[in-house]
Structure formats: structure tokens, C-alpha cells
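A short write-up of the structure that comes next.
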Amino acid sequence: GSWLSAWLHLLGAEVYGISLKKPPSVPSHYDVGEFSKFVKGRSIDIRISKKLSDCIIDIKPDFVFHLAAQSIVKRSYEDPVETFHVNALGTLNLLEALRLLQKKCSVVLITSDKCYNNLEWVWGYRETDSLGGKDPYSASKGSAELVISSHLNSFFPTNGIVRIGVGRAG
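Sequential numbering from 289 applies to the sequence shown in our numbering.
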């Protein structure tokens, strides 16, 4: 997220960042890189739907890049509930906030190649492969993909004002 913010800033964008107040590491890349000089930070937990919606409506973004996640596999075993809340319900909360946005907006949602049912293949997965997950992290990412698919089909027509694309990092 911080590198994306830096590139967007260099391209002339007004950059807002939504994240938890506590950084994931100390020192954090955000602090060391002095990103607060050009990123307008908002301390919001994406699990809190109302605060996230209010923020999105207030900012009125032209673009949204969703990279927020609980991304540590080991932590998903230690706290699977938090993992599902952040990865699946956090994504749902963002999509619900975007439903309320009454302006053109392009959205990129980033999930993970871990969303696929792991068949231990030697080649990469394709978008047509089945979703799944043998561990809490993978299952939470598969769940996020199902939430995205449901909302794309139900609430975001291809000719609508909010356009959504999905990327699966791996």
C-alpha cells in the first residue's frame, strides 16, 4: 500500500489512506518513508461498516485500491475469526460503502492466489479454477472472492458508475 501511495503521489494524485492506527511493524514502512507528508491518513478499521461508509462518502474517491487484509497465514490459525472478519467482511463493508457512492469511481480489489482450492499443481491457477482453502487464510480469501462476485452480479452493472476489477496477487 505504501509503494502504491508513493507512485500515485508521483503521478499527481491526491492520496488518502485508510488503515488501522497501529502499524503492522515497528518501525513501519509508512513512518520510515515519511508517507504522512503526502498521504491523508484515516485511522479506520474496515470491519466497522458505518465508519468506512462515512469515510468513503466524505472523500468521494475517483479510484479505490483495496489491499487491506490480515495476510499472515500463521496468524489465521491463531485467530481465524479476525482473519475472516478482516478479509471477507472487510471486503463486504467496502463494497457496501461503494454502493452508496453517487459518483464515477474505478475500483481495484486485490485478493490472493491462495483463494483457490489448493490441488498442489506445479502450474499456476486460472480464474476458472475452483475457489477453496484448506487453511483459515485461504478460506477467508476464497470467501472474499465469493462476496466480490455476489456484489458484482447483484449491485454493480458493467455499465454502472462504479467499475470494479479484481486482482489476485501471488
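Here a beta-carbon is modelled for each residue, glycine too, at the ideal position from N, C-alpha and C.
Closest by C-alpha distance to residue i, when choosing among the options
i, options, result
"Arg456", "Glu302, Glu415, Pro445", "Glu415"
"Ala294", "Lys325, Ile306, Pro315, His354", "Lys325"
"Lys310", "Gly329, Ala376, His297, Leu299", "Gly329"
"Val327", "Val303, Pro368, Val361, Lys422", "Val303"
"Thr371", "Asp346, His317, Ala432", "Ala432"
"Tyr318", "Pro349, Gly289, Ile398", "Gly289"
"Ser442", "Gly458, Asn406, Leu380", "Leu380"
"Ile332", "Leu308, Ser394, Arg451", "Leu308"
"Gln358", "Asp346, Gly321, Cys393, Pro424", "Pro424"
"Ile334", "His354, Asp350, Asp346, Phe323", "His354"
"Leu399", "Gly448, Ile436, Lys339", "Checking the sequence, you will find Thr at residue 399 rather than Leu. Comparing Cα positions, the closest option is Ile436."
"Trp411", "Gly458, Val320, Leu292", "Gly458"
"Ile336", "Ile306, Glu322, Ser316, Leu299", "Ile306"
8 angstroms CB neighbourhood of residue i in its chain, flanking five on each side removed
i, result
"Ile344", "Val352, Leu382, Ala385, Leu386, Leu388, Leu389"
"Lys348", "Leu389, Lys391"
"Gly321", "Ser290, Ala294"
DSSP-derived helix/strand/coil call for residue i
i, result
"Ile452", "strand"
"Gly305", "strand"
"Leu386", "helix"
"Val361", "helix"
"Ala294", "helix"
"Thr379", "helix"
"Ser324", "helix"
Residue span of the alpha helix (DSSP H) that contains residue i, given as start and end
i, result
"Phe443", "424-443"
"Arg330", "Segment 327-331 is the beta strand (DSSP E) holding Arg330; no alpha helix (DSSP H) there."
"His373", "Taken as a continuous stretch (DSSP letters only), His373 belongs to no alpha helix (DSSP H), as it is neither H nor E."
Spatial neighbours of residue i in its chain, beta-carbon cut-off 6 angstroms, leaving aside the 5 residues before and after
i, result
"Gly421", "Ala427, Gly430"
"Ser364", "Thr371, Pro424, Tyr425"
"Arg451", "Ser394"
"Val361", "Tyr425"
"Phe444", "Val450, Ile452"
Enclosing beta strand (DSSP E) for residue i [first to last residue]
i, result
"Ser337", "No beta strand (DSSP E) contains Ser337, which is instead part of the alpha helix (DSSP H) from 337-347."
"Val352", "351-354"
"Ser313", "No beta strand (DSSP E) contains Ser313, which DSSP labels as neither H nor E."
"Thr399", "393-400"
Minimum Cβ-Cβ distance from residue i to chain D less than 9 angstroms
i, result
"Leu292", "Considering every chain present, this structure includes no chain D. It has just one protein chain."
Cβ-based neighbour list, residue i, same chain, cut-off 7 angstroms, excluding 5 preceding and 5 following
i, result
"Pro368", "Pro424"
- Hey, is the stretch 373-380 in contact with the stretch 426-439, meaning 3+ C-beta pairs nearer than 8 angstroms? The stretch 373-380 vs the stretch 426-439: in contact.
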